[in-house]
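Residue numbers (my numbering), protein chains in the order written: chain P, 1 to 491; chain G, 1001 to 1491.
Built from N, CA and C at the ideal position, the CB exists for glycine as well.
Quick notes on the structure that follows.
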């Protein structure tokens, strides 16, 4: 059908067009959701199509700037519009949905099409469902990772490139800045990219951002690493396996997460930055994201994938049943990190866990002998070398190491009689911190004065909530009160 | 966040808004895909949000006409925009995706939200995947049907209301006009709504449309039925269980079809028009949509659902391995129907199958005694009463019964030596007819001069392809040639 171009002046991030409802019906567009548009210059594009009225006439097709440019169109140019089939990868998605195994080329084609916006979000949702329900075997997962890496930018770095990743879910668990500082001080290269908080109160990127810039370009990162051996950056805009972000965006809609996708998400980013020694931290247990049983299965898959990719991967199952450190929220967490690095009243659990992780990486990479890693890590920390390395990285990332003031409104919970802290639930604490304004409000959060098994006497401070507005403080207080019974056992 | 309204002049059929990329990032909109918009007049709407640039500035929110109206907005009004949670039904979809059984209220809420566009197409895709992978038990299917019926229009008709439905897939199988004419002539009320072709060469609506109007309103249908006892109309725009169309649209994207959705799709439409006696025709066997094994299971479910709804449902498993009748394509199929009704050289198989189906309905409804239905149907056909009823309905639907000329370009395939027709594959014949232009081009199609087991001598006409352009004729010829070996066995 011949239709007249109506330029939409819309940059949508992908080719998008709209056809009048009546025209769509004439073209039997109810059975398709894509059209091919051919310009006078005989260039052609396949685009997802929406129907609308008001904005355009029946003989018009409204197109986003992306289409306008690709086709080299003129305003009001007449184009030839036809129903187009979806890409072949839809068949492969259906094949997976029916429980079949996909081969390398099929997976590559799906990932390539997601990457190029050739598959719509609805089709990606079918892919996500298929992988969630039917899982992927190790070979499929390997192909998935390879295709994801191929879809994005790749960094090549000199030296012994090491990395760590934590599955997350534990409130306050901000080991990364400490581990990276220790490892970089030991001479290892650690191009650490982190995420921002999605469902928790703070991500490592949010936390570092309280004192330094984290949204660096790949070239800026390379400069930081050349100077310091390491970096703390936000991975979101680097184009490392970017197709992963598109898939995660769809997963989040139904709040599901398949094992294959989890493995691919983590390893594709690590492989993209050239890491050769990777330590995975899986916090498990009560109120953690992962049960011990699932963590054991996950560990096995990580190790097998490590073999397939000729990477040295080690996996630690750590205790994730309680928050780690005292601060929850970006500013309060960076304070905990600085306390550990500066040796000033450091939260014991955060320090110990960081030393275990750093020690393991030192051993894996050959910097320390077997079973001597923690000792070496402790020396680096106690000698102030880790703090100096941290300060150096933060300075190169245009920042300054400084303890942060929490938000101005605060409310402390006190024990009203004798008792004991029974259990501090990660979900519960994250929720209070989020209601107080985290992670958008970096000064907001929760400070835990007491931890599990601590004995309480009347008047003891249990925790303090910080928020930038009275409303948020009230909101956070309410969510504390609703769940406090689980936390404290009074005598 | 406070944003300025930019009116989009877009009627999208649902609330849609766009926010500038930068603003979306500030609002952490990467984790959500919905916002709540509150107007000065304190009215509020939840809308799906897209990010864009070009069309709007960072401090603007572009909204479709639907939002503009609901909120009673003024141009450039400042509104309050916040991230909004998705509806609760997303949790129920996830529950199903995890293999759990849903209760009545959960299913109602999902269907209600699909119906009101509160769930996005991506979320519907998760629902479709969940039902496809995890199936629904009979109670769930019943709730699904009830919710679908509730979501749409309902017709109340007097008399013994009967209906038939064919699962489809058999080329040329146009029994409906004949069965309806016989049953209506016998005094039964038969409010027959049909679909247009989706993957086949012609649907009943496309076929009737060659000689009468099929897109009637509910009021027009009621008038036709009052005058004639029956109708042949397109069900697509009547708003009968309209949520079904939304679900099917998403199913088609991945080309999947769950049993529960199939059952719900058929029965919701029948219940919406008040049918009490329903005959289901499941063509099965080689080259049919359904295997005999699956057909048997499907039959069992239909019967059990019939009991749950206190409806009299019967199911016939018919031979669907070969095309029925000679014409394939709307015009060629209406010709077959007219030949049967007028008793002029009728295709034997089409006539026999129509009599079996009509006979069964006459028995189910009590018009005929047990085992006397076919005899009664044959009498009605042979007495010309069925033809007179057909003509009456067509006339009331502003049409005229007249044999149709096929498309002007044609090409006949002849036997080049002695042989026999081995098997005529439904998919193969449908494909040739579609390549010739069906169903959009109603005069296009295929005419089968020979059927299965017919003996051929050199020069015998096997089939004729009709198309409106030489290009389409060539295209159809090519698809014949690629597959002809399966069809003919030469001696």
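query: Once the 5 residues before and after residue 34 of chain P are set aside, which same chain residues still bring their CB inside 7 angstroms of it?; result: 46, 47, 48, 49, 84 and 86
query: Going by alpha carbons, who is nearest to residue 1127 of chain G out of G:1163, G:1194 and G:1250?; result: G:1250
query: Can you tell me where the beta strand (DSSP E) with residue 1165 of chain G in it begins and where it stops?; result: 1162 to 1166
query: May I ask which residues mark the beginning and end of the alpha helix (DSSP H) holding residue 242 of chain P?; result: 242 to 254
query: Is residue 1129 of chain G close to chain P, meaning its C-beta is less than 8 angstroms from at least one C-beta of that chain?; result: yes
query: What are the boundary residues of the beta strand (DSSP E) that residue 50 of chain P is part of?; result: 44 to 52
query: Could you tell me which residues DSSP puts in a beta bridge with residue 1232 of chain G?; result: G:1192
query: Which residues, in order along the segment 1040 to 1059 of chain G, keep a beta-carbon less than 8 angstroms from a beta-carbon of chain P?; result: 1050, 1051, 1052, 1053, 1054 and 1055
query: For residue 253 of chain P, go through chain G and note every residue whose CB falls closer than 8 angstroms to its CB, in chain order.; result: 1033, 1086, 1090, 1120, 1122, 1123 and 1126
query: Counting only runs of 3+ residues fully inside the segment 1090 to 1177 of chain G, write out the beta strand (DSSP E) ranges in chain order.; result: 1162 to 1166
query: Going by other Cβ atoms of all chains shown within 10 Å of its Cβ, with 16 needed for buried, is residue 99 of chain P buried or exposed?; result: exposed
query: Could you confirm whether any beta carbon from chain P is found closer than 8 angstroms to the beta carbon of residue 1201 of chain G?; result: no
query: Taking 8 angstroms as the cut-off, does the segment 1175 to 1185 of chain G touch the segment 1356 to 1368 of chain G (at least 3 CB pairs, one atom from each stretch)?; result: yes
query: Strictly under 8 angstroms for the Cβ-Cβ distance: is residue 9 of chain P near chain G by that measure?; result: yes
query: For residue 1172 of chain G and residue 1328 of chain G, I'd like the C-alpha separation in whole angstroms.; result: 5 angstroms
query: Name, please, each residue of chain P whose Cβ falls closer than 8 angstroms to the Cβ of residue 1260 of chain G.; result: In chain order: nothing, as chain P lies at least about 16 angstroms away.
query: Which class does residue 1272 of chain G belong to by DSSP, given the choice of helix, strand or coil?; result: helix
query: What first and last residue would you give for the beta strand (DSSP E) that runs through residue 283 of chain P?; result: 277 to 284
query: Just to confirm, is the Cβ distance from residue 1010 of chain G to residue 55 of chain P under 8 angstroms?; result: yes
query: How should residue 1211 of chain G be labelled, buried or exposed, when 16 other C-beta atoms within 10 angstroms of its C-beta is the threshold for buried?; result: buried
query: With a threshold of 8 angstroms between beta-carbons, can residue 1097 of chain G be considered close to chain P, or not?; result: yes
query: Output the boundary residues of the alpha helix (DSSP H) element that contains residue 324 of chain P.; result: Taken as a continuous stretch (DSSP letters only), residue 324 of chain P belongs to no alpha helix (DSSP H), as it is neither H nor E.
query: Let's test the definition: count the other Cβ atoms within 10 Å of the Cβ of residue 1478 of chain G and tell me whether it reaches 16, buried, or not, exposed.; result: exposed
query: Does residue 961 of chain G come out as helix, strand or coil in the three-state DSSP assignment?; result: As shown, chain G starts at 1001 and ends at 1491. That puts residue 961 of chain G outside it, with no answer to give.
query: If contacts are defined as beta-carbon pairs under 8 angstroms, then residue 414 of chain P and residue 475 of chain P qualify, I think. What distance do you get, rounded to the angstrom?; result: So it is not a contact: roughly 20 angstroms between Cβ atoms.
query: Using a Cβ-Cβ cutoff of less than 8 angstroms, which residues in the same chain neighbour residue 1163 of chain G once the five nearest sequence positions on both sides are dropped?; result: 1190, 1191, 1192, 1270, 1273, 1275, 1277, 1278 and 1279
query: Which term fits residue 310 of chain P, buried or exposed, when burial requires 16 or more other beta carbons within 10 angstroms of its beta carbon?; result: exposed
query: Excluding sequence positions up to five away, which residues of its chain have a Cβ less than 8 angstroms from the Cβ of residue 140 of chain P?; result: 101, 102, 107 and 260
query: Who are the neighbours of residue 94 of chain P on chain G, taking C-beta pairs under 7 angstroms?; result: 1254, 1255 and 1256
query: Could you spell out the range, first to last residue, of the beta strand (DSSP E) harbouring residue 1034 of chain G?; result: 1034 to 1038
query: Residue 1467 of chain G bridges to which residues according to DSSP?; result: G:1409
query: Is there a Cβ from chain G that is less than 8 angstroms from the Cβ of residue 133 of chain P?; result: yes
query: Run through the DSSP bridge pairs and tell me what residue 490 of chain P is partnered with.; result: P:419
query: Is the segment 17 to 30 of chain P close to the segment 87 to 95 of chain P, with three or more CB pairs under 8 angstroms?; result: no
query: Is the shortest distance between the beta-carbon of residue 12 of chain P and the beta-carbons of chain G less than 8 angstroms?; result: yes
query: Please go through the same chain and pick out, in chain order, the residues whose beta-carbon is closer than 7 angstroms to the beta-carbon of residue 1130 of chain G, but skip the five residues on each side of it.; result: 1093, 1096 and 1097
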